[in-house]
Structures are given as structure tokens and as C-alpha cells.
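Structure, as C-alpha cells:
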Amino acid sequence: MGSETAAPPGSHEGGASPWAPTPYRVVERAQETADTATLALEPVEPAPPPGFVPGQFHMLYAPDIGEAAISISGATSDPRRRVHTIRSAGRVTDALTKARVGDVVGVRGPYGRGWPLREAEGKDLLLVVGGLGLPPLRPVLYEVLAHRDRFRRVEIAYGARTPKDLVYYDEIQAWRTRKDLRFQVTVDRAGVDWYGDVGIVSQRIPDMRFDPSSAVAFLCGPEIMMRGSAQALVDRGMSRSSVYVSMERNMKCGFGQCGHCQFGPFLLCRDGPVLPYASVERYFALREL
Amino acid sequence: MPLPSAGPPWVLDRKDLGLLLASLRSSGYRVIGPRVRDGAILYGEVKEEGELPIGWRDRQEAGTYRLERSEDLRVFDFHLGPQGWKPYLFPPHHLLWTARKDGGTFRVEAGATTDGGPLAFLGVRACEVAALRVSERVFEGGVPDPTFRDRRAALLIIAVECSSSAPTCFCPSMRTGPEVTQGFDIVLRELFSPWGHRFLIEAGTDRGRELLQPLPLRAAAEEDLADLEAQRQRVREGIHRALPVEEARGVILANLEHPRWEEVGRRCLACSNCTMVCPTCFCSTTEEVPSLSGEETQRYRRWDSCFGLGFTQLHASSVRSSISSRYRQWMSHKLATWWDQFGSSGCVGCGRCITWCPVGIDLTEEFAALRTKAASTGAKAGGVPA
Numbered sequence: 000m001g002s003e004t005a006a007p008p009g010s011h012e013g014g015a016s017p018w019a020p021t022p023y024r025v026v027e028r029a030q031e032t033a034d035t036a037t038l039a040l041e042p043v044e045p046a047p048p049p050g051f052v053p054g055q056f057h058m059l060y061a062p063d064i065g066e067a068a069i070s071i072s073g074a075t076s077d078p079r080r081r082v083h084t085i086r087s088a089g090r091v092t093d094a095l096t097k098a099r100v101g102d103v104v105g106v107r108g109p110y111g112r113g114w115p116l117r118e119a120e121g122k123d124l125l126l127v128v129g130g131l132g133l134p135p136l137r138p139v140l141y142e143v144l145a146h147r148d149r150f151r152r153v154e155i156a157y158g159a160r161t162p163k164d165l166v167y168y169d170e171i172q173a174w175r176t177r178k179d180l181r182f183q184v185t186v187d188r189a190g191v192d193w194y195g196d197v198g199i200v201s202q203r204i205p206d207m208r209f210d211p212s213s214a215v216a217f218l219c220g221p222e223i224m225m226r227g228s229a230q231a232l233v234d235r236g237m238s239r240s241s242v243y244v245s246m247e248r249n250m251k252c253g254f255g256q257c258g259h260c261q262f263g264p265f266l267l268c269r270d271g272p273v274l275p276y277a278s279v280e281r282y283f284a285l286r287e288l
Numbered sequence: 000m001p002l003p004s005a006g007p008p009w010v011l012d013r014k015d016l017g018l019l020l021a022s023l024r025s026s027g028y029r030v031i032g033p034r035v036r037d038g039a040i041l042y043g044e045v046k047e048e049g050e051l052p053i054g055w056r057d058r059q060e061a062g063t064y065r066l067e068r069s070e071d072l073r074v075f076d077f078h079l080g081p082q083g084w085k086p087y088l089f090p091p092h093h094l095l096w097t098a099r100k101d102g103g104t105f106r107v108e109a110g111a112t113t114d115g116g117p118l119a120f121l122g123v124r125a126c127e128v129a130a131l132r133v134s135e136r137v138f139e140g141g142v143p144d145p146t147f148r149d150r151r152a153a154l155l156i157i158a159v160e161c162s163s164s165a166p167t168c169f170c171p172s173m174r175t176g177p178e179v180t181q182g183f184d185i186v187l188r189e190l191f192s193p194w195g196h197r198f199l200i201e202a203g204t205d206r207g208r209e210l211l212q213p214l215p216l217r218a219a220a221e222e223d224l225a226d227l228e229a230q231r232q233r234v235r236e237g238i239h240r241a242l243p244v245e246e247a248r249g250v251i252l253a254n255l256e257h258p259r260w261e262e263v264g265r266r267c268l269a270c271s272n273c274t275m276v277c278p279t280c281f282c283s284t285t286e287e288v289p290s291l292s293g294e295e296t297q298r299y300r301r302w303d304s305c306f307g308l309g310f311t312q313l314h315a316s317s318v319r320s321s322i323s324s325r326y327r328q329w330m331s332h333k334l335a336t337w338w339d340q341f342g343s344s345g346c347v348g349c350g351r352c353i354t355w356c357p358v359g360i361d362l363t364e365e366f367a368a369l370r371t372k373a374a375s376t377g378a379k380a381g382g383v384p385a
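Those sequence lines, one after another, are chains A and B. Residue numbers for the first sequence follow numbering that gives the first Met the number 0, beginning at 0 and rising by one. Residue numbers for the second sequence follow numbering that gives the first Met the number 0, beginning at 0 and rising by one.
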């Protein structure tokens, strides 16, 4: 499928239960928005954590409460630090967003297939992002900026509901000043103090600069946003197999055994979360699949 | 007596069945087999032959199950009860681990994967042997589930070939039965005729052969094999329901928006019975149980069902809010997308979901309704992947 994994997904050392979380300490915390925080974690034990590729996720464990699947949003180059941006949407994620520096949480994984970054080498790379779709794509951006010469044009379109919902605000300001990438930001609704674009992110696509015959697009955000954006990219001449989406579903295990994350033929924790649009287009169109 | 080997099967007299049980128990196996309990035949520990449902049989139809006395004293005259062997390999509620507070961090200790010594399943039907193979692909095909792996590794399978069929059976069209041809340590074929009440007995593994050694066996005679052939023919002739495994995936995938889903969704109560009695349904959820002292917390795995509204909860809502979408998920997974995920059908044709549906929804009838329409629209979305 062209997607990438660092280690076999969910591989574990001999004998260890695949269900057992490993303790990690919160070493840094940033409040992104009213309900969203970024936690940097490091393993409590000295042994280095398993590597990961951009687009993979962890099962994060809030002690005494439970687990949630959260994508990894830090750089792959850091051998010990695992960064996650979490929105409070339930008991587990609420507890995780309220964790303080020094607290210990649990980590399982990484799981899933990530973004096929190698496929974008020598081509234009487009990131079309909605809301909290930015955290799973930030490791891609770090990787691209670390090896900028491997890619041609790099275009990012990031949409959020309101200016208050934008994450990584300072980092985005820095990215927007760079000459070697184009980072557009748009919001659905804004007050008069907002001087940027207003509108949904797929409306940015006609304005993105790329060669449709030699481009790869990574899409992450709400399903309706990915569906509209994928269609807009296809309308501009891109092949459906060069457009990738990252899917989200309820997950309990992370390694293909709890059955919760099914999306048609896919077990998203194992076969996804990143999948080519060519193979999900049909299922996108079905309600309540 | 020489070690029984492959070749013509051996005969065990009905009166010597107790010796097989004794042989199993003296070899250290806990024997799990059929017993009458709560008005049904359920699998449980069998210590003596007398605990088996001798002279009992069941009457099954869509939404109906009744136990009754039979006129003869066959041991395995019944068909399938509501519960398969699944709970013994994939427990309905199971401790995964305990985490203890430890100086600002926590230590995790995995729960026990087994529960006592090795198990011997006595009375595994052909469809259930097939279900076991399906479960192996699910639980051991990727990251192995430690509980399933450890219990399966120690398991002894004593299959029993069906000597009659229930109206809810459809194993021939699923290519899983009714004959038991593989996947057993020992297989019993109960024969009851003027030639006597006896079992044809065959070992499929070395472990099985060793267990047969102490038994008083005689080589099968022509009349034994003739009885078996006649019985097999009767069983096949008694099976009228069908769901062709070769067509299932293509028909389902070509009809994911068929109006029949709405229709069946109006009848379905979303009670989850079908998923609980299904021998291959494997969905689970996790539960966190902190102790009152706050010093430790336990993580359990519990059976879950795709018929529950919470199953697909994502942020504040559920992806599959309508019952029809949940029925479609269950049936299309079982018959179609299971191939994509695990390389086999998820259905083995046991018919439990038909019997135990409180409103009598019949999987084979639902499939036929999709297929009738499919014939005109052309089901070309792919059959069984190679």
C-alpha cells in the first residue's frame, strides 16, 4: 500500500503482554487552546522507546481511568521524547490534557501505518489539514524541513473552526516566514480582528501550487473535510492513489483484535490509519459505515 | 494392541466411552463437554460419563430452542447449544493486568493467561472445528493474544461428527461440515443401528493416538462403515438452509446500500445475542477497575458487540447510530470483510445466530434477499480473494 511502519506494528519483546502500558513521565506541557494541550513524554526507565514513523499513534493511558488512541506529533529524530497533542473530549483525554509536568502516564505502541513520505520524494508535497489533523502531520513537516532538498514544492493548507482553535500558533508563524514552503491558514468563522482567510480548507486547494502529475497529498482532519479536499485534488488532476487520508475510529487494542476500528475491509489500527484515497473513496460515500 | 494408526477407523463400544474420559483425566486434562443446564445444552466440566446429555436432543428453528427426551439413549443426539467453546479460549471477562503504584510511577503485572491445567474439549462439531481455525487466524495471525495462544497450545480436541442436523444448520454451503475431516486430536462418530450402539474412533495426531492406546478398540467392520455412510447421507439430506461461501463476499460488497438493510434494521432489536452466541465473534472492550485504596488498578477485557451504540463512539457521537447500519456491519464483516482482514470467512454455518435471535432473523434469508436483487444489478465486486 506504500504506507510505512518503523517496526512491525504492535511488536513486543518476547513474553510481554501486548496490553501492558509502559510508564512515561510528562517532561513538558503546553496549553494549545482552551481544551487542547501538548505533552512531551519520556520513558521512566532508561531504555529507549521503540522508534516510530510520522502518522503512527500510541495508546495513551491515563492511570486509573483508561486509554485513548493519540497520534504522535513530535519529531522522529528525538530518540526518547514522544510528543502528543490531545483535545479533551471524554474522561480519558480530559485527564491526559490535565496531566502536569512530572506526572506519569502509560504508553503502548506505536501502532499503525504512517504517511508514505518516501513516495513524496522528488515530488510536490501537499498537506491539507483540518483542526486537530495538524498534530499527526507535524512529524511530516519536521522530516521534510530536515531534508528539504528531497522534495520539490511543499504546500500546506490548514483550516480550523476559529482563530482560537489553531494549535502550534508560534510554530506556524515561524513556518509562514519560510521561503521554502507555503503555509496557508484559514478559519471557518472569525471576528474582525482576524486578518487571514475565512472559509473551509478545501477552498484553498484551487490556489495551491503543484504539478498534479507529480505530487503527493496527505490529508488529515474531519471525514467531511478530507472527502471534499480529496475530491478537489482529484478535480485538479491528481491521481486517487497519490492522495492519502488518515482515518479515525474508536480503538481499544491497537493491534487488530478488539474489532472497534473497522472501516469496511480495514482494521484502521493495523491497515491504517493512513490509507490511499483510491481504496477508501467508495467507503467514504457510505453513511454510518 | 498396536498403536492405532491412520487407516481403517477403530470401533469403541458405547459401554467403553467412560474409559476414554478416564484416559483423558488420568493424562491430566480437564474435560469440557456438553451438559444439560438451564434448559439448554451448555459446555462445562465433565467428570463422569453420566453427566453427558444421554438421551437428550434439541429442537431448533429461527428464534426457537427446546430440549426434549429422545426415544433412544444416544450420547450426542443433540446439535449445538447457545454457547460454543469460545469462552474457554477467549474468556468473556478476563484480567489483562494489574498496575500498582510504585514511587510516583507504576508497575504492570500481566494477568494469568490460563486457568488451571490443559483442557480437552469433548464433542467439538465440524462447524466448531472450523470456528476454532477462524479464531486462530484472528488471535494468532498477527500479534498473538497471550491468553488464546497459551490455552490453544495446551488444548486437546475430541471432535464428534454430527449424526443428525438441526433445521438451522447450513455448514455444507459454508464448506465446514457436516463431516469432520481435519483439525482434531480424536474424532468420534456415534453409530446407533441394529449392529449396535458404538463409536467409530479415529486419531488425528500423535497425542490423540497415545490417548487411544489404553482403550479396548476393534477394527471397524464393513457394516460399521456402511452405517456411517448411511448416516452421513441422512445428515446431508436433512440440511436445507444454505449460504454459499463462494458468493458471500461478492454479493455483500455489491449491495452495501441495498434497501434490505433498512428492512432488517426495523426487525433487529440490537440485543447482541447473535454476536454472543457466534463462535467466531471476537470484539472486545476494556474496563478499568481501580481499587478502593487507590494503590492498584486492574484492566479487564470484556466481550463487546458491534450492535451496541457505544461500540463506534468517536468524540461525542457514534458512527453507527442506526440499527440497520449495525446489522450491516455485523453481517458484512462476518461474510465479506473478514476475508480482507483475516483471509477466511467469519461464518462457519453453525446457525446459532438464527436460533438465538429473539425475533428470528435468519442470516441465510437475509443473504438470499440481497442476492436476489444482486442478480439483476450484477455482483461483480469480487468473490473470495485468492
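Cβ coordinates follow ideal geometry from the N, Cα and C atoms, glycine included.
At a Cβ threshold of 7 Å, is residue i touching chain A?
i: residue 287 of chain B; result: yes
i: residue 319 of chain B; result: yes
i: residue 274 of chain B; result: no
i: residue 141 of chain B; result: yes
i: residue 314 of chain B; result: yes
i: residue 279 of chain B; result: no
i: residue 284 of chain B; result: yes
i: residue 94 of chain B; result: no
Per the DSSP calculation, residue i is bridged to which residue(s)?
i: residue 274 of chain A; result: A:244
i: residue 96 of chain B; result: B:109 and B:298
i: residue 262 of chain B; result: In DSSP, residue 262 of chain B forms no bridge with anything.
i: residue 288 of chain B; result: B:297
i: residue 156 of chain B; result: B:120
i: residue 297 of chain A; result: Since the displayed chain A opens at 0 and closes at 288, residue 297 of chain A lies outside it and no answer follows.
i: residue 12 of chain B; result: B:197
i: residue 283 of chain B; result: B:302
i: residue 39 of chain A; result: A:27 and A:82
i: residue 105 of chain A; result: A:22 and A:60
i: residue 218 of chain B; result: B:9
i: residue 110 of chain A; result: A:56
i: residue 154 of chain A; result: A:125 and A:181
i: residue 104 of chain B; result: B:101
i: residue 119 of chain A; result: In DSSP, residue 119 of chain A forms no bridge with anything.
i: residue 159 of chain A; result: A:186
For the beta strand (DSSP E) holding residue i, just list the boundary residues, first then last.
i: residue 181 of chain B; result: From DSSP, residue 181 of chain B is part of no beta strand (DSSP E); its letter is neither H nor E.
i: residue 127 of chain A; result: 123-129
i: residue 171 of chain B; result: First-last for residue 171 of chain B: 170-173, but that is the alpha helix (DSSP H), not the beta strand (DSSP E).
i: residue 59 of chain B; result: 55-60
i: residue 63 of chain B; result: 63-68
i: residue 33 of chain A; result: Counting along the chain, residue 33 of chain A falls outside any beta strand (DSSP E), and DSSP gives it neither H nor E.
Can you tell me where the alpha helix (DSSP H) with residue i in it begins and where it stops?
i: residue 145 of chain A; result: 133-145
i: residue 352 of chain B; result: 351-354
i: residue 340 of chain B; result: 337-341
i: residue 134 of chain B; result: 125-139
Quick one: is residue i near chain B, going by C-beta distance under 7 Å?
i: residue 113 of chain A; result: no
i: residue 0 of chain A; result: Low local confidence applies: a pLDDT of 40 at residue 0 of chain A is under 50, so the model's placement there is unreliable, with the coordinate-based value given in what follows. With 7 Å as the cut-off, residue 0 of chain A does not count as an interface residue toward chain B.
i: residue 274 of chain A; result: no
i: residue 285 of chain A; result: yes
i: residue 12 of chain A; result: In this predicted model, residue 12 of chain A has a pLDDT of only 41, less than 50, meaning its place in the structure is not dependable enough to derive any value.
i: residue 221 of chain A; result: no
i: residue 211 of chain A; result: no
i: residue 6 of chain A; result: The pLDDT assigned to residue 6 of chain A is 45, lower than 50, so where the model puts this residue is not dependable, and the model offers no usable value.
i: residue 205 of chain A; result: no
Jot down the residue ranges of each uninterrupted beta strand (DSSP E) in the segment 165-248 of chain A, minimum 3 residues, whole runs only, in chain order. At a cut-off of 3 residues, the continuous stretches assigned as beta strand (DSSP E) that sit fully inside the segment 165-248 of chain A are 181-186, 214-219 and 242-245.
So within the segment 186-214 of chain B, which uninterrupted beta strand (DSSP E) runs reach at least 3 residues, ignoring any that extend past its ends? Fully enclosed beta strand (DSSP E) runs of 3 or longer: 195-202.
What beta strand (DSSP E) runs, 3 residues minimum, are completely inside the segment 290-335 of chain B? 295-302
Along the segment 96-121 of chain B, what residues have a CB closer than 9 Å to any CB found in chain A? 96, 98, 100, 101, 103, 104, 105, 106, 107, 108, 109, 110 and 112
Run through the segment 52-94 of chain A for me and flag every whole beta strand (DSSP E) of 3 or more residues, listed as ranges in chain order. 56-61, 65-70 and 81-86
Closer than 7 Å, Cβ to Cβ, to anything on chain A: give me those residues from the segment 330-347 of chain B, in chain order. 332, 336, 339 and 340
In chain order, each beta strand (DSSP E) run of at least 3 residues that lies wholly inside the segment 18-52 of chain B: 29-36 and 39-44
Using a beta-carbon distance cut-off of less than 7 Å, what residues from the segment 235-263 of chain A approach chain B? Within the segment 235-263 of chain A, the qualifying residues are 247, 248, 249, 251, 254, 255, 256, 257, 258, 259, 261 and 263.
Along the segment 20-51 of chain A, where does the CB come closer than 7 Å to a CB of chain B? Name the residues. Taking 7 Å as the cut-off between beta carbons, the residues of the segment 20-51 of chain A near chain B are 20, 22 and 43, in sequence order.
Return the residues of the segment 52-85 of chain A that lie within a Cβ-Cβ distance of less than 8 Å from chain B, sorted by chain order. 62, 63, 64, 65 and 66
What residues in the segment 288-311 of chain B have a beta carbon less than 8 Å from any beta carbon of chain A? Here the close residues are 289, 293, 296, 298, 300, 303, 305, 310 and 311.
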